[in-house]
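The letter at position 65 of the sequence shown is residue 65 when you use the numbering used here, and the numbering goes up by one with no holes.
Quick reminder that beta carbons are idealized off the backbone N, C-alpha and C, glycines included.
The model shown is predicted, which means the values in this text are computed figures rather than measured ones.
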Amino acid sequence: MDDLKSLTTIISRDFEIEDLSSEALLRERLVQAFAYLLDNDISKMMNILYRTDVNEDKLKKLLISNSELPSAEVIADAYLARQKEKIETRKKYSR
Numbered sequence: 001m002d003d004l005k006s007l008t009t010i011i012s013r014d015f016e017i018e019d020l021s022s023e024a025l026l027r028e029r030l031v032q033a034f035a036y037l038l039d040n041d042i043s044k045m046m047n048i049l050y051r052t053d054v055n056e057d058k059l060k061k062l063l064i065s066n067s068e069l070p071s072a073e074v075i076a077d078a079y080l081a082r083q084k085e086k087i088e089t090r091k092k093y094s095r
């Protein structure tokens, strides 16, 4: 649960997301947020992905290889994976 708290804290810098009870609920909220941004504010979405350091080439490949899924889901998963990587890196070097 500590990782979920850390994840929520990091993500709340980019999105208005309160403490959630599960990672599945967090993912659902992120999918909704990215769907909104795709439809209404792509530049803000790109800015968030850039600041988060989501690899653009990797994201393009994910979008192509997962074309059967909504783009918002693929983007949210890539964003979530990158945030998890950051948490693991911080844990590794804080010891």
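Legend entry - Through-space distance from residue 70 to residue 1, alpha-carbon basis: The predicted position of residue 1 is uncertain, since its pLDDT is 45 and thus under 50; no value can be drawn from it.
Legend entry - Identity of the residue in 38, 40 and 29 nearest residue 80 by Cα: 29
Inset, instruction - Apply the 10 Å Cβ neighbour rule to residue 25 and answer buried if 16 or more other Cβ atoms are within range, or exposed otherwise. - result: exposed
Inset, instruction - Would you check if the distance between the CB atom of residue 78 and the CB atom of residue 54 is smaller than 7 Å? - result: yes
Inset, instruction - Measure the alpha-carbon distance for residue 82 versus residue 52 and round it to whole angstroms. - result: 7 Å
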